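**Q**
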Amino acid sequence: MEENKITLEDIQTLSLYDCNFQWPSFLPLPTTSHVRTIRIRESTINLLSSITFQDMPFLQEIHISTSKINKLHKDVFKGKPYLKSITLKALHKYVDIIRKELYEHIFSLEYLSLESNEFISKINGNIFDSLYSLLELSLANCNIKEISERAFYGLTNLKNLSLAGNNITSLQNDLFKPLKELILLNLEGNSIINLPDNIFQYLVNLKTLFLEKNYILNLNISGLIYLQTLEASSNNLSKISRNVFDELFQIEILELNHNNIGEIEPTGFKHLFDLRILELSDNTLVILPENLFSELRSLQRLDLSQNEIKSLPKGLFSNLEKLQYLDLESNNIHDLKIECFVTLTNLRTLNLQSNKIKKTEALTFSGLHQLENLDLSDNRIVHVHRESFNGLSKVKGLNLDGNSIRIIEPEAFIKVNNLEALYLSNNKLEECKNKDFAGLSKLITLILRSNRIKVISAETFEELSLLRYLDLSDNSIQTVDVNIFSKLINLRDLNLSNNSIQSLPPGIFNFTYLLENIMLEDNKINSIPRFLFNDLYDLEYLSLDNNEITTIDSNAFENVHLVRLTLRNNKLTTIDENIVVDWSSLQDIDLSNNNISHLPGFKQFSPDRHSLHVEGNPLDPAILEQYG
Numbered sequence: 068m069e070e071n072k073i074t075l076e077d078i079q080t081l082s083l084y085d086c087n088f089q090w091p092s093f094l095p096l097p098t099t100s101h102v103r104t105i106r107i108r109e110s111t112i113n114l115l116s117s118i119t120f121q122d123m124p125f126l127q128e129i130h131i132s133t134s135k136i137n138k139l140h141k142d143v144f145k146g147k148p149y150l151k152s153i154t155l156k157a158l159h160k161y162v163d164i165i166r167k168e169l170y171e172h173i174f175s176l177e178y179l180s181l182e183s184n185e186f187i188s189k190i191n192g193n194i195f196d197s198l199y200s201l202l203e204l205s206l207a208n209c210n211i212k213e214i215s216e217r218a219f220y221g222l223t224n225l226k227n228l229s230l231a232g233n234n235i236t237s238l239q240n241d242l243f244k245p246l247k248e249l250i251l252l253n254l255e256g257n258s259i260i261n262l263p264d265n266i267f268q269y270l271v272n273l274k275t276l277f278l279e280k281n282y283i284l285n286l287n288i289s290g291l292i293y294l295q296t297l298e299a300s301s302n303n304l305s306k307i308s309r310n311v312f313d314e315l316f317q318i319e320i321l322e323l324n325h326n327n328i329g330e331i332e333p334t335g336f337k338h339l340f341d342l343r344i345l346e347l348s349d350n351t352l353v354i355l356p357e358n359l360f361s362e363l364r365s366l367q368r369l370d371l372s373q374n375e376i377k378s379l380p381k382g383l384f385s386n387l388e389k390l391q392y393l394d395l396e397s398n399n400i401h402d403l404k405i406e407c408f409v410t411l412t413n414l415r416t417l418n419l420q421s422n423k424i425k426k427t428e429a430l431t432f433s434g435l436h437q438l439e440n441l442d443l444s445d446n447r448i449v450h451v452h453r454e455s456f457n458g459l460s461k462v463k464g465l466n467l468d469g470n471s472i473r474i475i476e477p478e479a480f481i482k483v484n485n486l487e488a489l490y491l492s493n494n495k496l497e498e499c500k501n502k503d504f505a506g507l508s509k510l511i512t513l514i515l516r517s518n519r520i521k522v523i524s525a526e527t528f529e530e531l532s533l534l535r536y537l538d539l540s541d542n543s544i545q546t547v548d549v550n551i552f553s554k555l556i557n558l559r560d561l562n563l564s565n566n567s568i569q570s571l572p573p574g575i576f577n578f579t580y581l582l583e584n585i586m587l588e589d590n591k592i593n594s595i596p597r598f599l600f601n602d603l604y605d606l607e608y609l610s611l612d613n614n615e616i617t618t619i620d621s622n623a624f625e626n627v628h629l630v631r632l633t634l635r636n637n638k639l640t641t642i643d644e645n646i647v648v649d650w651s652s653l654q655d656i657d658l659s660n661n662n663i664s665h666l667p668g669f670k671q672f673s674p675d676r677h678s679l680h681v682e683g684n685p686l687d688p689a690i691l692e693q694y695g
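Take the sequence shown: its letter number 402 is residue 469 in the numbering used here, and every next letter is one higher.
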């Protein structure tokens, strides 16, 4: 302190960790009357007495957590006119912190947290009735089973109340009567089954109500005319009746995920003009009334995923001009009616993953002028027609993974000419033809993994000059034309692993100067000819594992600045000393599990900078130890 010219008067925050206090006050410590905040954690306190904080008249915050308090005097907080915040959190031993006299003389208190104290099981009446200034009370994550009807009397200015993570099964009718200024109420993670009629009628200023993770059967939420957010996910709701939300004139967020909702009456969402987010995922909905959402003119996000919806009535999304996100994943939708999305003129994301859709028509996506992401993965599409994606000129991401696509008509994607990412993995394509990807001049990512591709036309990728990521792994490709990548001048990542390629023609990478990663593992390549990877200055990672390579010409990697080269599980018997010309960037070379019986000197090799794996070769033990 002397070196930094700090005096006791400068100390305003005192933090104590892992201490053992046996004194009734902190006098043995260098405390000062200027302390505003004291924090104690993971300590043992014999007694918090009436004089413990006597030398801190301006104390504003007391925070004690994960500690053991043997005794707490009823006047410990008395005489602190500036005390605004008390936290007694996760105490290790029972101590009576739920008693009226403890809080009788702290009229300035605004924040009180007693959370994570498992010994708190009951809240009696009038405990907090002198805390007129209290704004926030947290009783979360305790073991509360019972709350007196007068538990919150006196808390006339309370704004936030958390009772989350307890074992509450029922609520008294007038429990919240004094809380007319309450803005946020958290009842999440309890065992509530029924909400009494008019339980929230006195909460005239409530804006946020958390009810998720209970067992609630019916929503009795009358009187909440200023409510903006209602989260009631993970309950046992089975039906949305026509009048249940009638008084929620200002509701903006309504979350009803993970329930058993199988029916929504046609006027279930009537008059919710300000609703922006509606989430109904993981329910049992099968049929949606035609005009169910017709009054939700402010809706921006609608989640109907993981239900059992079979069809989308033509007028279902009428008047949802502001909708930006629509999730219909994991339903039983077979057919998409023509123009079923026609009114969704501002939609950005449409998720139709994991349904039973077999085809899309010319007018299926009519009206989706602003759509940027379309997910049709894991459906039953067999044929991609030329008109399949008409009207989707702004789409940047199209996912068709996991279908049964066998045929892509020429110029099928020509109307999605702003596409940047196209996913076609896990389909049944057998060839890639000229014009399959015509018009996709802005494409950056193309994934064709896990198909049955045997043949790729030399002109297949000729319009994809901006392509950076190309994945052709897990197919049946045997031969590759020397000009196949000649137009891919921006390619960074190329994956040809797990095919049946026997050789790569010299010059195949002549125009892909920006390649950084090449994956060729799990093929049948038997040799690496001279200059195959010549002048790929940016190439950092090259994987040739699990092939049948017997020879590598000495100039195969000339002017290549590899960081990692892997040749595991091949048939190499010798290695040329000049296999790696530039060791300055190389960090790892793996030659394990070959038939190499002799290693050259590798003059530039340094065990401090390089890692050389040679295990699984018939080498002298001394060599194995040298590079091990």
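Even for Gly, the Cβ is constructed at its ideal location relative to N, Cα and C.
Computed from a predicted structure; not experimentally measured.
1) By DSSP, does Lys189 sit in helix, in strand, or in coil?
2) From Glu439 to Glu203, what distance separates their C-alpha atoms?
3) Would you call the CB atoms of Leu539 and Asn566 closer than 9 angstroms?
4) Please return the same chain residues whose Cβ sits closer than 7 angstroms to the Cβ of Leu339, not counting the five positions on each side in sequence.
5) Output needed for Gln437: all residues of its chain with C-beta closer than 7 angstroms, excluding positions within five of it in sequence on either side, in chain order.
6) Measure the C-alpha to C-alpha separation of Asn590 and Asn684 and round it to an integer number of angstroms.
7) Just verifying my parser: in three-state terms, what is the DSSP assignment at Glu213?
8) Just how far apart, CA to CA, sit Pro95 and Tyr178?
9) Would you mind working out which of Asn418, Glu375 and Gly434 sits nearest Ile405, comparing C-alpha positions?
10) Does DSSP put Pro95 in a helix, in a strand, or in coil?
11) With DSSP collapsed to three states, give me the class of Lys156.
12) By the DSSP assignment, the alpha helix (DSSP H) with Ile690 in it spans what residues?
13) In whole angstroms, give me the CA-to-CA distance for Thr111 and Ile164.
14) Beta carbon of Asn261, beta carbon of Ser237: below 9 angstroms?
15) Could you tell me the boundaries of the beta strand (DSSP E) in which Glu168 lies?
16) So, are the CB atoms of Gly458 and Asn494 less than 9 angstroms apart?
17) How about Ile331 and Leu355: are their beta carbons less than 9 angstroms apart?
18) When the Cα atoms are used, what is the spatial distance from Gly146 to Ser305?
19) For Leu281 versus Asn302, is the C-beta spacing smaller than 9 angstroms?
20) Can you give the Cα-Cα distance for His677 and Gln671, rounded to whole angstroms?
21) Does DSSP put Phe88 in a helix, in a strand, or in coil?
22) Determine the closest residue to Trp650 out of Ala505, Val630, Leu634 and Leu587, with distance taken between C-alpha atoms.
23) Are Ser200 and Asn227 close, meaning C-beta to C-beta below 9 angstroms?
24) Is the beta carbon of Ser696 sitting closer than 9 angstroms to the one on Thr579?
25) Using 8 angstroms as the Cβ pair cut-off and three pairs as the minimum, do the stretch 179-192 and the stretch 235-250 touch?
26) If you draw a straight line from the C-alpha of Gln693 to the C-alpha of His628, how long is it?
27) Per DSSP, Glu128 forms a beta bridge with which residues?
28) Between the C-alpha atoms of Glu69 and Lys141, what's the straight-line distance to the nearest angstrom?
29) Report the three-state DSSP secondary structure of Ala231 (helix, strand or coil).
30) Checking the sheet assignment: what are the DSSP bridge partners for Gly464?
31) For Met586, which three-state DSSP category applies?
32) Just verifying my parser: in three-state terms, what is the DSSP assignment at Met68?
33) If you follow the beta strand (DSSP E) that Arg368 is in, where does it begin and where does it stop?
34) Rounded to the nearest angstrom, what separates Leu686 and Ser664 at their Cα positions?
35) Give the range of the beta strand (DSSP E) segment to which Glu298 is assigned.
36) Checking the sheet assignment: what are the DSSP bridge partners for Ile331?
**A** Looking at the coordinates:
1) Strand, per DSSP.
2) Glu439 and Glu203 have their C-alpha atoms roughly 43 angstroms apart.
3) Their beta carbons are under 9 angstroms apart, which means Leu539 touches Asn566 by this criterion.
4) Closer than 7 angstroms at Cβ, skipping near neighbours: Phe312, Leu315, Ile318, Glu362 and Leu363.
5) Excluding sequence neighbours, Gln437 sits near Thr412, Asn413, Leu414, Arg415 and Lys461.
6) If you draw a straight line from the Cα of Asn590 to the Cα of Asn684, it is about 21 angstroms long.
7) DSSP places Glu213 in strand when its eight states are reduced to three.
8) Low confidence applies to Pro95: its pLDDT is 46, below 50, so where it sits in the model is not reliable enough to give any reading.
9) Nearest to Ile405 by C-alpha distance, out of Asn418, Glu375 and Gly434, is Gly434.
10) Caution is warranted here: a pLDDT of 46 is assigned to Pro95, below 50, making its placement in the model unreliable, and no coordinate value can be reported.
11) It is a strand residue.
12) Start and end: Pro688 to Tyr694.
13) When rounded, the distance between both Cα atoms is 16 angstroms.
14) Going by C-beta atoms, Asn261 is nearer than 9 angstroms to Ser237.
15) Segment: none, Glu168 is in no beta strand (DSSP E) and carries neither H nor E.
16) Cβ distance not < 9 angstroms, so Gly458 and Asn494 don't count as in contact.
17) Against a cut-off of 9 angstroms, the Cβ pair of Leu355 and Ile331 comes out as a contact.
18) The straight-line gap separating the alpha-carbon atoms of Gly146 and Ser305 is approximately 54 angstroms.
19) With the sequence shown as reference, residue 281 is identified as Asn, and Leu is not the correct amino acid for it. A contact, by the Cβ cut-off of 9 angstroms.
20) Note on geometry: alpha-carbon atoms of His677 and Gln671 lie some 10 angstroms from one another.
21) In this structure, Phe88 counts as strand in the three-state DSSP scheme.
22) Comparing alpha carbon positions, the residue from Ala505, Val630, Leu634 and Leu587 closest to Trp650 is Val630.
23) The Cβ atoms of Ser200 and Asn227 do not sit closer than 9 angstroms to each other.
24) Outside the shown range of the chain, which is 68 to 695, sits residue 696, and nothing can be said about it.
25) Touching, no.
26) Roughly 25 angstroms between the two C-alpha positions.
27) Here Glu128 is bridged, per DSSP, to Thr104 and Ser152.
28) Any reading at Glu69 must be qualified, since the residue scores a pLDDT of 49, below 50, and its modelled position is unreliable; the value itself is stated next. Computed Cα separation, rounded: 39 angstroms.
29) Looking at Ala231 - three-state DSSP - the assignment turns out to be coil, as it is neither helix nor strand.
30) Note: Gly464 sits in a beta bridge opposite Asn440 and Ala488.
31) Met586 falls in the strand class under three-state DSSP.
32) A caution first: Met68 carries a pLDDT of 45, below 50, which makes its placement in the model unreliable, though a value can still be read off. Coil, per DSSP.
33) Note, Arg368: beta strand (DSSP E), Arg368 to Asp370.
34) Leu686 and Ser664: Cα-Cα distance of roughly 5 angstroms.
35) Where Glu298 is concerned, the enclosing beta strand (DSSP E) stretches over Thr296 to Glu298.
36) Paired residues: Ile307.
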